[in-house]
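A.B. asks:
There are 2 protein chains.
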Amino acid sequence: MLTKYKGYLIDLDGTMYLGTDIIPGAPEFIDRLNAANIPYLFVTNNSSRTPKQVADKLVKMGIHTTPENVFTTSRATAQFIHDEKPGASVYVIGEDGILEALTDKGLEVVTHENPDYVVTGIDRGITYEKLAGACLSVRNGARFISTNGDIAIPTERGFLPGNGSLTSVVTVSTETQPVFIGKPEPVIMEQALAVLGTTKEETIMVGDYYDTDIRAGIGIGIDTLLVYTGVTQPDHLDRYEIKPTHTSQNLNEWPI
Amino acid sequence: MLTKYKGYLIDLDGTMYLGTDIIPGAPEFIDRLNAANIPYLFVTNNSSRTPKQVADKLVKMGIHTTPENVFTTSRATAQFIHDEKPGASVYVIGEDGILEALTDKGLEVVTHENPDYVVTGIDRGITYEKLAGACLSVRNGARFISTNGDIAIPTERGFLPGNGSLTSVVTVSTETQPVFIGKPEPVIMEQALAVLGTTKEETIMVGDYYDTDIRAGIGIGIDTLLVYTGVTQPDHLDRYEIKPTHTSQNLNEWPI
């Protein structure tokens, strides 16, 4: 007997799509949630895209959703800084998604080396000068935040450097650990839950990757559903002491 | 009573100069070595400059030396790879010094992602694409070499990211540790000693920084002279179990 959950937090890559391919059952799953009026949020560690860019991609793939259902680590990062210091100055390594999220929240994106915060997100336009400015800022006392610790990004070329590896330049050079915001950290999850408006008992985290998605759900004490459509496969679970609450071959098999 | 050493391995930054300023006593020290016909090599973790570029800088500062007396980590890296696999293909992140050293040694610098080796050296022109190629190459099985693990470079702007921090992008993303060549690792020191041609008992390592220079000397079992003209100061020595063989306020005080 499955519990009927009243709110869903849902991963994207490996759960809704793989690269540019939709995962069978994913559009129907979202349609069923929509039809049942069950609130959900896509919770993603991707800091480079804005919620609108993410929603546009999903809609093109046949998933009926809107930007309001997309909760990015950039949004969580901006909220985290705003909660600590409204209007703070922020030195940023990153792309559109994080820049828009910070300015939307009234934070000041600066290029000088005495900011209140340094934020690192994936940046395919990374330069030595950007890294130097981040290191100097952290040495000058800026609080160091990283959107996520993902070490690699799966692409058609293979695994490319993820934000966690770019962040390590600043971590190693300044000998200062950042606060990580994205999954599996609790920051993004607690914020997403607050936006969703359901209680922990009523909410479930759905994802394909134990180390980020399932760990994130377990970390804030909510139920989890591991779908075998991405990274983590059944035989991998042996190595984890705490199992997901539920597992499923795909989302077609999951009764909401 | 001091031993009379027959060969000298000598650090540069903090020992011969500080940024663009010569350290008092340094030119006279080299003049005394030259006059006494005592062989020496400058042993430097700087992978960006060629031996000629380094010697030119020293000569301009009033130090009478030649490129033959400059032993860079780039030269050591090229020798290390040549010893393992002559003519090997190498994917490089780095500047002039490492590129010249590798090609001089008959190694093939390539840009594709199936090389025999990946080498990372300081690269002020670093890009995401360069890092991506290095990560893909290491994942494809290339042997991963780093010219040095220096986490920061002292400049007039402050401490900028060193090669050890850039290297960490590949280390973290591929979960693969590199072989480090530069001080305090033994690779560069053993090679320099072989070039110098003196025995371990006859040779001394001179430097200003315990963690690289002195540790490097101790690591290969030679005597060490710590000069207090750079990073490590007398009160820092409390934290180290193994002390330098000798210490000196500056090189004027050191009888060769």
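From first to last, the protein sequence lines stand for chains A and B. Heads up, this note's numbering is the position in the first sequence plus 296, with the first residue counted as 1. Heads up, this note's numbering is the position in the second sequence plus 296, with the first residue counted as 1. Even glycine gets a Cβ: it sits at the ideal position worked out from N, Cα and C. This one's a predicted model, so the numbers in the text were calculated from it and none came from an experiment.
1) According to DSSP, is H542/B part of a helix, a strand, or is it coil?
2) Please identify, using Cβ separations under 7 angstroms, the residues of the stretch 440-462 of chain A that lie next to chain B, in order along the chain.
3) Report the partner residues of E404/A according to the DSSP bridge assignment.
4) Can you check whether the C-beta of M297/B is within less than 8 angstroms of a C-beta belonging to chain A?
5) Would you tell me roughly how many angstroms separate the C-alpha atoms of T463/A and I418/A, rounded to the nearest one?
6) CB of V406/B to nearest heavy atom of the ligand HEM: below 7 angstroms?
7) V465/A touches chain B at which residues, Cβ-Cβ below 8 angstroms?
8) According to the neighbour-count rule (16 or more other Cβ atoms, all chains shown, within 10 Å of its Cβ), is V502/A buried or exposed?
9) Output yes or no for whether 8 angstroms exceeds the beta carbon distance between H388/B and L398/B.
10) Please report the Cβ distance between I422/A and T443/A, rounded to the nearest whole angstrom; I am assuming they are in contact, meaning their Cβ atoms lie under 8 angstroms.
11) Use the C-beta contact count for R535/A: other C-beta atoms within 10 angstroms, 16 or more gives buried, fewer gives exposed.
12) Can you give me the start and stop residues for the beta strand (DSSP E) that Y304/B sits inside?
13) Using the rule of at least 16 other Cβ atoms within 10 Å of the residue's Cβ for burial, across every protein chain shown, is R453/A buried or exposed?
14) Is it right to say P320/A is buried, meaning 16 or more other beta carbons lie within 10 angstroms of its own, or is it exposed?
15) Based on Cα-Cα distance, which residue from I510/A, K348/A and P411/A lies nearest to T311/A?
16) Ignore the nearest five residues each way along the sequence and tell me which others in G445/B's own chain have a CB closer than 6 angstroms to its CB.
17) Starting from L521/A, trace the beta strand (DSSP E) in both directions and tell me its first and last residue.
18) So with Cβ pairs under 8 angstroms, would you call V388/A a contact of chain B?
19) Going by beta-carbon coordinates alone, are V483/B and A384/B separated by less than 8 angstroms?
20) Count the other CB atoms, across all protein chains shown, that sit within 10 Å of the CB of Q529/A; report buried if there are 16 or more and exposed otherwise.
21) With H, G and I counted as helix, E and B as strand and the rest as coil, what does DSSP make of P482/B?
22) Could you give the DSSP three-state label for E399/A: helix, strand or coil?
23) Using a cut-off of 8 angstroms between C-beta atoms, extract the partners of L395/A located in chain B.
24) Within its chain, find whatever has a CB closer than 6 angstroms to the CB of K302/B; leave out the 5 residues flanking it on each side and keep chain order.
25) Among N410/B, A322/B and E404/B, which residue has its Cα nearest to the Cα of G437/B?
26) Are the C-beta atoms of A438/B and some chain A residue less than 8 angstroms apart?
27) Locate the alpha helix (DSSP H) running through R371/B, then write down its first and last residues.
28) Nearest-angstrom Cα distance between M297/B and P474/B?
29) Give me the Cα-Cα distance between D400/A and G513/B, rounded to the nearest whole angstrom.
C.D. replies: Short version:
1) strand
2) I447, A448, R453, G454, F455, L456, P457, G458, G460, S461 and L462
3) S385/A
4) Any answer about M297/B is weak, because its pLDDT of 40 lies below 50 and its placement is not dependable; what the coordinates show is given next. No - not a single Cβ of chain A is within 8 angstroms of the one on M297/B.
5) 9 angstroms
6) As far as ligands go, the structure on display features none, and thus does not contain the ligand HEM.
7) P457, S461, L462, S464 and V465
8) buried
9) The question names His, but residue 388/B is Val in the sequence shown. Yes, the Cβ-Cβ distance between V388/B and L398/B is below 8 angstroms.
10) Not quite, the Cβ-Cβ distance comes to about 14 angstroms (not below 8 angstroms), so this is no contact.
11) exposed
12) G303 to I306
13) exposed
14) exposed
15) I510/A
16) G460 and F476
17) D519 to V523
18) no
19) no
20) exposed
21) helix
22) It is Thr, not Glu, that sits at residue 399/A in the sequence shown. Helix at T399/A.
23) Here the premise fails: no neighbours, minimum Cβ distance about 17 angstroms.
24) T494 and E498
25) N410/B
26) no
27) T369 to E380
28) The pLDDT assigned to M297/B is 40, lower than 50, so where the model puts this residue is not dependable; a value taken from the coordinates is nonetheless given after this. So the alpha carbons of these two residues sit roughly 42 angstroms apart.
29) 55 angstroms
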